[in-house]
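J.:
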Ligand SMILES: Nc1nc2c(ncn2[C@@H]2O[C@H](COP(=O)(O)OP(=O)(O)O)[C@@H](O)[C@H]2O)c(=O)[nH]1
Ligand SMILES: Nc1nc2c(ncn2[C@@H]2O[C@H](COP(=O)(O)OP(=O)(O)O)[C@@H](O)[C@H]2O)c(=O)[nH]1
């Protein structure tokens with residue numbers, strides 16, 4: 051069942067204006083991506099260690115997540131209707147596939163992870179729509195190269211152009227029309243004939259002869275991402291770090307080497323982002339919301355003290371039935387994400403005096419949540435800060451422990467049995483972070499381990515320093 | 051449209067005996083695989099250089115082709131009916147996918163190549179059948195590990211087994227049945243109840259309680275490959291090197307490091323192979339057949355001096371209509387491959403005196419074609435010899451040339467313009483093999499190049515030696 055507007059390549063071009071219009075008129079938009087996998091190396095839990103720094107997390111995701119394909123992109127636009135006091139939404143679900151468009155175009159290789167594919171298969175994901183009917187795309191460099199190719203062809207054509215301007219009566223001259231331009235020329239001829247016949251028309255708009263139509267087709271879905279970027283609208287996502295990374299990587303440029311550059315690029319592509327998972331995990335919502343997974347969040351936000359938002363789909367757009375659970379279709383997830391944002395934003399209005407029922411996407415009240423991306427499973431850094439340096443929590447109660455790969459969590463509990471409650475964050479087979487309840491115990495633990503042979507303990511600070519040294523070397 | 055028998059996981063188990071039977075009764079079988087891609091590095095043409103040695107070709111395919119998934123496997127069995135003087139065939143088309151079967155099972159990552167996926171999409175390939183309904187598999191090591199896990203569980207269960215033997219009346223004892231064995235136990239109970247009620251039955255065959263049912267499910271499609279291997283039947287394929295490599299890699303073990311070990315493994319898994327593309331490229335067929343691509347070959351072999359074979363599908367099996375072109379469905383390709391083999395084998399019978407219309411898969415006449423796999427695009431080595439050392443053609447008319455990456459084929463023609471006809475085989479951007487028409491010219495070319503700065507020429511022998519030295523170092 052198609053539950054939201056799903057343009058396939060055949061209708062994509064015709065419907066692009068519909069998409070542009072939806073973006074332009076909106077107050078904010080929500081996005082969501084589905085990928086062919088998450089990690090090509092460590093398990094997902096090893097990829098998200100509780101004591102990752104934002105830089106480490108970025109590096110791990112860049113290294114282990116970017117060879118997968120973002121193959122479904124959900125976009126949901128929301129526009130507030132002040133007279134009716136409700137939002138009008140338009141939801142789009144794009145299937146994406148790097149179909150090679152000619153012999154010299156890039157032949158993209160991407161990785162699939164069986165568990166992710168199996169997960170999507172169980173949700174009823176339609177792989178044929180991706181692989182048979184996915185919309186192609188180019189990143190900026192590929193677009194530039196293709197544009198150059200077309201420009202070159204055109205200037206070659208113009209160069210041999212002494213033959214180029216003949217009157218229609220001279221059609222018997224041996225002008226050879228390149229195969230790839232025949233269609234274009236036929237169209238122009240038709241339009242001119244039309245003009246000559248039709249006395250009402252006074253002028254004629256001709257497309258520039260640059261192969262620009264093929265170029266546009268090849269740029270494909272990237273045009274939607276460009277439109278989102280250029281709109282400067284607030285873009286909402288739920289737990290959206292991977293979505294943002296994939297979107298930039300696939301449609302703009304390979305991800306930069308370090309986090310600070312990534313922040314710069316992101317601020318160009320998405321000048322204003324808001325992560326509903328981060329919002330829901332922050333005051334004043336944190337106290338009221340136990341489970342911030344998208345489905346649970348949506349349920350919670352329908353109940354007091356929150357209220358379900360008034361949202362209707364625009365005329366001509368199919369409507370979602372939130373009860374029938376289309377979760378994990380990107381367009382639907384984007385829609386739900388938007389609903390969650392509206393409920394939470396409106397809730398902030400209740401603190402005003404007089405209280406307000408509607409808080410717009412432009413309100414100062416939501417600015418504190420801008421450009422902070424939720425950091426999954428990190429214990430003491432809630433978000434990646436896109437607008438400046440990241441938080442640097444003291445980790446003076448944390449130890450880094452190395453040991454033989456036969457060890458189990460119970461061995462660690464035993465090792466630290468003298469120190470009361472501990473918390474273990476596995477890094478890999480042979481190392482883990484162990485946090486003690488009291489920082490004072492850290493030095494004692496390190497000291498007592500000095501002569502141990504099977505394991506090694508160092509403080510978090512020592513670990514960071516050593517890692518830094520290794521990087522310099 | 052389903053054109054051949056396509057067992058999905060749900061019916062796979064029930065139909066396995068059908069597959070086993072088809073293999074066992076057959077005179078020979080034909081196989082074919084479809085993959086998610088061909089090369090994750092060099093272009094396909096760079097992967098198949100005209101002067102590759104069999105060892106080099108093996109190494110390149112191992113390095114650049116094995117991360118793709120063999121996701122459709124076609125099997126077609128042929129049994130000769132002597133009284134009716136025709137073959138009875140049974141065709142199977144298996145979709146294959148490494149669905150993880152539990153939390154500790156391998157989470158396979160595989161690569162997709164857009165051009166290959168697009169090619170299959172254009173043939174109407176059904177990706178949903180792969181990803182939603184593909185049959186799982188394990189290689190031998192994974193099967194061994196899983197078996198160990200089950201054995202361990204069982205011996206643990208038996209260890210705590212003082213509680214294990216209670217009479218049916220004692221069912222109120224707190225025996226905890228592990229979740230994963232409930233189904234098995236329920237089944238046994240049912241069978242016993244059946245036995246007690248039914249006075250005709252005298253004995254009861256119980257499955258061993260080893261989790262063997264789950265194990266079998268997990269081994270999945272590998273059981274079909276084992277059955278093919280164990281049957282010792284002649285296995286036919288068309289241009290089958292990649293099929294053989296993938297089959298071994300995916301269902302047996304990671305490919306060995308060098309070609310001679312690969313030949314050993316192959317002789318265990320497929321003791322008798324025959325490649326119809328190699329057969330068609332060899333005397334006496336070579337002179338009669340221009341185009342050895344599968345579709346063209348099949349057409350050619352319907353015409354004099356060949357004759358189309360008499361083949362019917364077995365009762366209960368759907369029949370293929372060769373006119374309606376189901377090419378590139380693995381089951382259909384396997385079927386066509388079988389037809390080609392029969393026509394060519396029968397043609398050999400015409401040389402006997404008296405001539406024979408039917409030549410069986412066991413005839414001495416076809417032995418010369420056994421265990422030789424076609425080497426695509428190699429100019430002077432027709433096949434990879436699985437039964438011993440490979441042919442070593444003299445390449446004393448061949449030069450290895452290195453040059454700046456701006457060079458085009460025309461630059462090479464110019465460089466060698468003094469030497470008459472040359473042939474260029476590109477290796478990569480900056481090197482190529484150039485074969486001269488006369489070996490005597492080789493030394494002249496090398497000598498005249500001695501002081502050249504932009505390019506370097508060496509003889510093929512020098513190139514091989516240098517490569518060998520690099521490998522040793
Ligand atoms: N040696 C050892 N390594 C472990 C153990 N548990 C987890 N690990 C390692 O830590 C990584 C992350 O583990 P965890 O966060 O528990 O999630 P998991 O990967 O889903 O098991 C694993 O991939 C292992 O490399 C254990 O008991 N012993
Ligand atoms: N420098 C240079 N390299 C070439 C040229 N043609 C082919 N190559 C290289 O040789 C490889 C194999 O080329 P080819 O066999 O023609 O097939 P292709 O890969 O489909 O173009 C290519 O991937 C290039 O690396 C050329 O004109 N100049």
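Residue numbers (this note's numbering), protein chains in the order written: chain A, 51 to 523; chain B, 51 to 523. Ideal Cβ positions, reconstructed from N, Cα and C, are used throughout, including at glycine.
(1) Could you please give the first and the last residue of the uninterrupted beta strand (DSSP E) stretch that includes residue 128 (chain A)?
(2) How many angstroms separate the CA atom of residue 429 (chain A) from the CA atom of residue 492 (chain A)?
(3) For chain A, check one thing: does any of its Cβ atoms lie closer than 8 Å to the Cβ of residue 304 (chain B)?
(4) Write down the C-beta distance between residue 440 (chain A) and residue 489 (chain A) rounded to the nearest angstrom, noting that I regard them as a contact closer than 8 Å.
(5) Do you know offhand how far residue 387 (chain A)'s Cα is from residue 119 (chain A)'s?
(6) Can you check whether the C-beta of residue 164 (chain B) is within less than 8 Å of a C-beta belonging to chain A?
(7) Taking the continuous beta strand (DSSP E) assigned at residue 502 (chain B), which residues delimit it?
(8) List, in chain order, every chain B residue whose beta-carbon is nearer than 7 Å to that of residue 90 (chain A).
(9) Taking the straight line between their C-alpha atoms, what separation do you get for residue 166 (chain B) and residue 158 (chain B)?
(10) Taking the CB atoms as reference points, tell me whether residue 342 (chain B) and residue 331 (chain B) lie closer together than 8 Å.
(11) Using a Cβ-Cβ distance cut-off of 8 Å, determine whether residue 167 (chain B) contacts chain A.
(12) Check whether the Cβ atoms of residue 487 (chain A) and residue 471 (chain A) sit closer than 8 Å, and answer yes or no.
(13) With a threshold of 8 Å on Cβ separation, who are the neighbours of residue 51 (chain B) within its own chain once the five nearest residues in sequence on each side are excluded?
(14) Anything in chain B within Cβ reach of residue 87 (chain A), meaning under 7 Å, just list it in chain order.
(15) Within the same chain, show all residues whose beta-carbon is closer than 7 Å to that of residue 455 (chain B), passing over the 5 residues directly before and after it, in chain order.
(16) Taking Cβ-Cβ distances below 7 Å as the criterion, which residues of the region 465-490 of chain B are in contact with chain A?
(17) May I ask you to list the residues that DSSP assigns as paired with residue 139 (chain A)?
(18) Are the C-beta of residue 412 (chain B) and some C-beta of chain A separated by less than 8 Å?
(19) In the DSSP assignment, find the alpha helix (DSSP H) that holds residue 274 (chain A) and state where it starts and stops.
(20) Closer than 7 Å, Cβ to Cβ, to anything on chain B: give me those residues from the region 173-207 of chain A, in chain order.
(21) Quick check on residue 149 (chain B) - is its C-beta less than 8 Å from some C-beta in chain A?
(22) Does the region 119-128 of chain A come within contact of the region 73-87 of chain A, defined as at least 3 CB pairs closer than 8 Å?
(23) Within a Cβ cutoff of 6 Å, which residues of the same chain sit near residue 129 (chain A), ignoring the five residues on either side of it in sequence?
(24) Output the distance between the C-alpha atoms of residue 144 (chain B) and residue 184 (chain B), rounded to the nearest integer angstrom.
(25) Which residue wins for smallest C-alpha separation from residue 391 (chain B), given the options B:335, B:432, B:436?
(26) Which whole-angstrom value describes the C-beta separation of residue 177 (chain B) and residue 181 (chain A), a residue pair presumed to lie in contact below a C-beta threshold of 8 Å?
(27) Contact check, residue 140 (chain B) vs residue 369 (chain B) under 8 Å by CB: the rounded distance?
(28) Let me know the alpha helix (DSSP H) ranges lying completely inside the region 324-366 of chain B, each 4 residues or longer, listed in chain order.
(29) Given a cut-off of 8 Å on the beta-carbon distance, is the pair residue 413 (chain B) and residue 351 (chain B) in contact?
(30) Checking contacts by CB at 8 Å: is residue 268 (chain B) closer than that to chain A?
(31) Taking residue 171 (chain B) as the query, report the chain A residues whose CB atoms sit under 7 Å from its CB, ordered along the chain.
(32) Assign residue 401 (chain B) to one of two classes, buried (16 or more other C-beta atoms within 10 Å of its C-beta) or exposed (fewer than that).
(33) Decide yes or no for the touch test of the region 281-288 of chain A against the region 316-323 of chain A: beta carbon pairs closer than 8 Å, at least 3 of them.
(34) When the distance is taken between beta carbons, is residue 431 (chain B) closer than 8 Å to residue 423 (chain B)?
T.: Reading off the structure:
(1) What you label residue 128 (chain A) is simply residue 78 of the first chain in a count that begins at 1. Looking at the DSSP string, the run of the beta strand (DSSP E) that includes residue 128 (chain A) is 120-131.
(2) Sequence index remark: in the first chain, residue 429 (chain A) carries index 379 (1-based). Sequence index remark: in the first chain, residue 492 (chain A) carries index 442 (1-based). Each residue's Cα considered, the two are about 18 Å apart.
(3) Translated into positions along the second chain, residue 304 (chain B) becomes position 254. Cβ-Cβ to chain A under 8 Å: no for residue 304 (chain B).
(4) As a position in the first chain, residue 440 (chain A) is number 390, starting the count at 1. As a position in the first chain, residue 489 (chain A) is number 439, starting the count at 1. Their Cβ separation, rounded to whole angstroms, is 21 Å, which puts residue 440 (chain A) and residue 489 (chain A) out of contact at 8 Å.
(5) As a working mapping, residue 387 (chain A) is identified with position 337 in the first chain. As a working mapping, residue 119 (chain A) is identified with position 69 in the first chain. Looking at the two C-alpha atoms, the distance is approximately 22 Å.
(6) Residue mapping note: residue 164 (chain B) aligns to position 114 of the second chain, counting from 1. For residue 164 (chain B), the answer is yes, since a Cβ of chain A falls inside 8 Å of its Cβ.
(7) Here residue 502 (chain B) is taken as the residue at index 452 of the second chain, counted from 1. Run containing residue 502 (chain B): none; DSSP gives neither H nor E here.
(8) Taking the first residue of the first chain as position 1, residue 90 (chain A) is located at position 40. Those within 7 Å of residue 90 (chain A) in chain B are 159.
(9) As a first step, residue 166 (chain B) must be located in the second chain, where it is residue number 116. As a first step, residue 158 (chain B) must be located in the second chain, where it is residue number 108. Between residue 166 (chain B) and residue 158 (chain B), the C-alpha separation is close to 20 Å.
(10) For this step, residue 342 (chain B) is matched to residue 292 along the second chain. For this step, residue 331 (chain B) is matched to residue 281 along the second chain. Yes, the Cβ-Cβ distance between residue 342 (chain B) and residue 331 (chain B) is below 8 Å.
(11) Within the second chain, the letter at position 117 stands for residue 167 (chain B). Chain A contact via Cβ: present.
(12) Taking the first chain and counting its residues from 1, the one referred to as residue 487 (chain A) is at position 437. Taking the first chain and counting its residues from 1, the one referred to as residue 471 (chain A) is at position 421. Yes, they are a contact pair.
(13) Taking the first residue of the second chain as position 1, residue 51 (chain B) is located at position 1. Reliability fails at residue 51 (chain B), whose pLDDT of 31 lies under 50, so the model's placement of it is uncertain and the value that follows must be treated cautiously. Counting only Cβ-Cβ distances below 8 Å, and skipping sequence neighbours, we find nothing.
(14) Sequence index remark: in the first chain, residue 87 (chain A) carries index 37 (1-based). Result: 159.
(15) For this step, residue 455 (chain B) is matched to residue 405 along the second chain. Counting only Cβ-Cβ distances below 7 Å, and skipping sequence neighbours, we find 479, 480.
(16) none
(17) As a working note, residue 139 (chain A) is residue 89 in the first chain. Looking at the DSSP assignment, residue 139 (chain A) forms a beta bridge with A:128, A:363.
(18) On the second chain, residue 412 (chain B) is found 362 positions in, with the first residue counted as 1. Cβ-Cβ to chain A under 8 Å: no for residue 412 (chain B).
(19) Here the question's residue 274 (chain A) lines up with position 224 in the first chain. 272-281 is the extent of the alpha helix (DSSP H) around residue 274 (chain A).
(20) 176, 177, 178, 181, 182
(21) Within the second chain, residue 149 (chain B) is the residue found at index 99, counting from 1. Yes, its Cβ sits closer than 8 Å to a Cβ of chain A.
(22) yes
(23) Position 79 of the first chain, counted from the first residue, corresponds to residue 129 (chain A). 75, 76, 77, 138.
(24) Taking the first residue of the second chain as position 1, residue 144 (chain B) is located at position 94. Taking the first residue of the second chain as position 1, residue 184 (chain B) is located at position 134. Cα-Cα distance, rounded: 8 Å.
(25) On the second chain, residue 391 (chain B) is found 341 positions in, with the first residue counted as 1. The candidate whose alpha carbon is nearest that of residue 391 (chain B) is B:335.
(26) Here the question's residue 177 (chain B) lines up with position 127 in the second chain. Here the question's residue 181 (chain A) lines up with position 131 in the first chain. Sure, about 5 Å apart at Cβ, within 8 Å.
(27) Locating residue 140 (chain B) in the second chain gives position 90, counting from the first residue. Locating residue 369 (chain B) in the second chain gives position 319, counting from the first residue. Not really, about 11 Å apart at Cβ, beyond 8 Å.
(28) 326-330, 344-350
(29) Walking along the second chain from the start, residue 413 (chain B) turns up at place 363. Walking along the second chain from the start, residue 351 (chain B) turns up at place 301. Not closer than 8 Å, so no.
(30) Looking up residue 268 (chain B) in the second chain gives position 218. Not an interface residue.
(31) The residue given as residue 171 (chain B) occupies position 121 in the second chain. In chain order: 181, 182.
(32) In the second chain, counting from the first residue as 1, residue 401 (chain B) sits at position 351. Residue 401 (chain B) comes out exposed.
(33) yes
(34) In the second chain, counting from the first residue as 1, residue 423 (chain B) sits at position 373. In the second chain, counting from the first residue as 1, residue 431 (chain B) sits at position 381. Not a contact, by the Cβ cut-off of 8 Å.
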